[in-house]
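Residue numbers (the numbering used here), protein chains in the order written: chain F, 12 to 329; chain V, 12 to 329.
Virtual Cβ for every residue (Gly too), placed ideally from N, Cα, C.
There are 2 protein chains.
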Amino acid sequence: MKELTRTEAAEFLRSHDNYCILTHRRPDGDTLGSAAALCRGLRTIGKNAYILENPEITDKYRNLHDGLTETMCQADATVVSVDVASEKLLNAEFAALLPRLELLIDHHGSNTYFAPQGIVDAGSAACGELVYDILMELGVEMDKSTAEALYTAITADTGCFRYSNTTAHTLRTAAACLEAGADTYRINKALFETNRMSRLKMEAYLAQHLELHANGTIALALIPLEAEHECGVGEDDMESISNFARNVEGVQLAVTFRTDKTGATKLSVRSAPGYDASKVCAALGGGGHVAAAGARVECGQTEAREKILEILSQQGYL
Amino acid sequence: MKELTRTEAAEFLRSHDNYCILTHRRPDGDTLGSAAALCRGLRTIGKNAYILENPEITDKYRNLHDGLTETMCQADATVVSVDVASEKLLNAEFAALLPRLELLIDHHGSNTYFAPQGIVDAGSAACGELVYDILMELGVEMDKSTAEALYTAITADTGCFRYSNTTAHTLRTAAACLEAGADTYRINKALFETNRMSRLKMEAYLAQHLELHANGTIALALIPLEAEHECGVGEDDMESISNFARNVEGVQLAVTFRTDKTGATKLSVRSAPGYDASKVCAALGGGGHVAAAGARVECGQTEAREKILEILSQQGYL
């Protein structure tokens with residue numbers, strides 16, 4: 012893939028007239044917000060542009076794409092993807108357009124460079140941050156809707172500026188969105204301060220069943236399937252559930268247990284500096300990073316709990 | 012009080028040599044962070060400066076003031092207050108220094124102007140944002156500790172940029188802190204992502220006992236004293252507890268009930284646009300804003316609940 016600078020990416024976008032924008036499967040705020048901002052920005056400078064309707068878009072984000080989508084990719088459209096790290100992250104219908112993909116815009120260091128040309132900036136906390144830079148190169152003046160789309164992308168991918176990917180440029184881009192009229196309070200409230208009862212019930216279950224060891228430094232959170240059913244949670248509700256135990260005061264290493272369809276146990280380990288989640292998971296054939304790792308064991312949670320306690324003891328944590 | 016511009020406040024600070032800085036009672040991240048940043052900044056430009064040790068400082072913020080405090084105000088020191096809206100917010104020992112207070116720096120629109128001169132900027136989301144501006148006027152180059160103190164002030168008073176007080180200037184000031192080396196991830200994790208078990212148990216109680224009416228648009232959260240005792244919560248744990256019910260998906264108006272020492276019921280009402288919390292509370296002799304109001308009724312929670320249901324019905328919410 013030919014790697015473009017921001018200026019070159021802007022030049023490419025200036026040199027065509029009709030755009031079809033692709034987003035990834037299980038679309039999040041970044042891919043959807045980036046697409047909306049790019050689409051609106053291109054229209055501002057007189058281009059014809061639309062987003063290919065993503066069938067998996069959720070209610071939380073639906074209004075971002077109002078008036079911007081088409082259900083078919085027109086034959087003469089130039090196809091661009093945003094926030095898509097790999098061709099595997101496109102659904103079958105979108106993947107069929109891969110031969111026509113001309114430009115990718117992304118921020119994942121793991122990008123597989125599946126387009127003839129593109130810009131991948133792993134230093135951008137959100138793809139939206141990079142889209143902002145390109146829109147500025149194009150001389151786009153952000154309106155409120157564009158600013159809200161970009162702000163959504165950025166706040167979603169940084170956990171409202173809490174994750175370690177947040178840079179000074181991230182915050183300044185958000186400042187520009189606010190200045191252009193983005194209602195950041197409303198966006199953050201919808202994204203971060205609205206909780207489903209099912210999720211709250213799951214957290215209540217965890218608060219009451221959390222198992223603490225070693226003076227509260229080690230936490231085990233077992234989540235039997237029956238508890239998931241009783242709380243009425245879906246997969247959406249379980250997003251980042253492994254952070255719950257990690258965020259308890261004093262906890263340095265937290266292990267969350269879930270049961271998959273086959274009856275096996277999936278372990279998510281989260282740890283603070285000085286504790287090695289990846290080493291714990293490696294002992295069970297899993298892997299990951301020092302602060303966040305995972306493993307899958309072919310047994311029920313009770314047995315998996317015994318194994319983990321043994322490993323934690325062997326590694327000096329208990 | 013003589014109101015100063017940022018430049019004049021900086022001139023004042025340049026014209027004296029020995030500073031004693033005051034913070035307010037029940038000190039939060041903003042007053043403590045602002046004091047630390049001002050103290051460090053003044054030292055950077057060759058001044059003698061210290062913070063008068065606040066006996067109420069909590070563990071969460073203690074490290075901010077390491078090496079910066081004294082227990083006595085020296086006789087020749089120039090006394091400055093930060094983030095103090097009124098003389099009533101100083102403890103008795105600090106209030107005894109009021110006749111010597113020469114400059115106040117604050118961002119509360121409700122400031123009572125209790126110093127001969129000062130700068131009050133209600134447009135600053137945090138007092139720390141204003142302190143940053145003054146330090147820039149003084150030509151201070153922020154080091155990591157100063158940047159972390161200012162970032163703490165700003166993130167604490169904006170709920171990590173989620174509150175509606177957040178402006179583009181707030182985000183740009185935070186960007187400058189990050190650029191100067193502030194470990195914003197660590198600060199936010201400590202402030203926003205570390206939960207005490209007692210608080211989590213209280214939230215678990217609420218998730219299980221929340222009473223929903225009118226298709227889930229109205230929520231009543233009764234918190235009997237026994238529940239507080241069982242969860243082991245202190246007043247610190249109950250901070251913003253009235254947001255819990257408000258943040259449940261679909262809830263437009265939430266009433267949280269607590270019992271005070273006398274056995275009376277304190278009601279906190281929170282509401283979304285289109286619902287009037289202050290009108291609900293006014294019917295019980297209380298008051299507040301459209302989105303957040305309170306009332307106190309001389310009866311137990313069961314009776315208070317009946318009264319509220321009647322009022323909600325009268326006002327067309329049920």
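It is roughly 17 Å from the alpha-carbon of L211(V) to the alpha-carbon of R257(V).
The beta-carbon separation of H224(F) and L329(F), rounded to 6 Å, stays under the 8 Å limit for a contact. Non-local beta-carbon contacts of E204(F) in its own chain, meaning distances under 8 Å to residues more than five positions away in sequence, are absent.
Within 10 angstroms of the beta-carbon of Q312(F) lie 16 or more other beta-carbons, which makes it buried.
Against chain F, the beta carbon of Y196(V) has neighbours under 8 Å at R173, Y174, S175, T177, listed in chain order. By the criterion of at least three beta-carbon pairs nearer than 8 Å, the stretch 229 to 237 of chain V is in contact with the stretch 251 to 266 of chain V. Y30(F) is bridged by DSSP to A60(F), T89(F). Its Cα nearest to that of E250(F), the residue S279(F) stands out among E237(F), G120(F), S279(F). The stretch 189 to 197 of chain V and the stretch 65 to 79 of chain V do not touch, with fewer than 3 CB-CB distances between them shorter than 8 Å. Leaving aside the five residues that flank D39(F) on each side, the residues in its chain whose CB is nearer than 7 Å to its CB run, in chain order, A167. As DSSP reads the structure, E14(V) sits in a beta bridge with G129(V). By the neighbour-count definition (other C-beta atoms within 10 Å, threshold 16), S253(F) is a buried residue. Contact of M208(V) with chain F by beta-carbon distance below 9 Å involves A218, L221, L223, G227, V259, E260, G261. Using a Cβ distance threshold of 7 Å, G129(F) and L149(F) do not count as a contacting pair. For H240(F), the enclosing alpha helix (DSSP H) starts and ends at 236 to 242.
G297(F) has no beta-bridge partner at all, per DSSP. The secondary-structure analysis by DSSP pairs S282(F) across a beta bridge with L264(F). As summarised for the stretch 107 to 173 of chain F, the continuous beta strand (DSSP E) elements at least 3 residues long and confined to that stretch are 112 to 117, 128 to 131, given in chain order.
For A303(V), the pairing in a beta bridge is given by DSSP as R281(V). As the crow flies, the alpha-carbon of A288(F) is around 51 Å from that of T18(V). Taking C-alpha positions only, A294(V) is separated from E246(V) by approximately 27 Å.
In the DSSP assignment, E317(F) falls within the unbroken alpha helix (DSSP H) covering 312 to 325. Cα atoms of V266(F) and A304(F): separation of roughly 10 Å, rounded to the nearest angstrom.
A direct Cα-to-Cα measurement between L100(V) and L112(V) gives close to 14 Å. In this model, S282(V) and E222(V) are separated by some 16 Å (Cα to Cα). Cα atoms of G120(V) and V95(V): separation of roughly 11 Å, rounded to the nearest angstrom. Of all alpha-carbon atoms in G274(V), C292(V), Q325(V), G327(V), the one lying nearest the alpha-carbon of E309(V) is that of G274(V). In the three-state scheme derived from DSSP, where H, G and I count as helix and E and B as strand, H224(V) is classed as strand. The three-state reading of DSSP puts E98(V) in helix, counting H, G and I together. Its chain contains M12 as the residues whose beta carbon lies nearer than 6 Å to that of Y124(V), once the 5 sequence neighbours on both sides are disregarded; these appear in chain order. Residues are counted here when their Cβ sits less than 8 Å from a Cβ of chain V; for the stretch 45 to 77 of chain F the count is zero. For D132(F), same chain residues with a beta-carbon under 7 Å away, outside a window of 5 residues either side, are H118, L141 in chain order.
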